[in-house]
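Numbering (the working numbering), first residue to last: 191 to 322.
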């Protein structure tokens, strides 16, 4: 097990544990929920409004959980250099090193802008001794 693979596993565990309210118990260990009772029909007999309301509540809950300490007065400039050479197509990390790196970079970028809303981030892709 190499360092990047451990990092990928660790990041995946953090993402999946962040979705759960209590990381010590699994979904099937929690109590029985009657989720169908939360959906209600409007005057026209449609459930779209109810579903939209549930989605909005879930989004607000996620946003509230994401909000943490952010220093608004600090503007950071960060460049991430991504290796896109043939070495990144080796399938030692499933499916490839490049896809694993891109997934982690996607998570990193989202967290970076959540914590640094006025900062700037640049991604430089390098391949065959050239940068784009």
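A virtual CB, placed ideally from N, CA and C, is assigned to each residue, including glycine.
Terminal residues of the beta strand (DSSP E) in which residue i lies
i           : result
residue 268 : 267–273
residue 314 : 310–317
Supposed close pair residue i, residue j - CB separation, criterion 8 Å
i           : j           : result
residue 317 : residue 275 : 6 Å
residue 295 : residue 270 : 7 Å
Start and end residues, alpha helix (DSSP H) containing residue i
i           : result
residue 300 : 287–305
Proximity below 8 Å, CB of residue i to CB of residue j
i           : j           : result
residue 266 : residue 306 : yes
residue 311 : residue 268 : yes
When the options are compared against residue i, the one with the closest alpha-carbon
i           : options            : result
residue 263 : 299, 242, 309      : 309
residue 254 : 220, 304, 284      : 304
residue 298 : 285, 284, 313, 286 : 313
>> Using a Cβ distance threshold of 8 Å, determine whether the stretch 241–252 contacts the stretch 290–303, with at least three qualifying pairs required.
In response: Pairwise C-beta distances place the stretch 241–252 out of contact with the stretch 290–303, as fewer than three of them are shorter than 8 Å.
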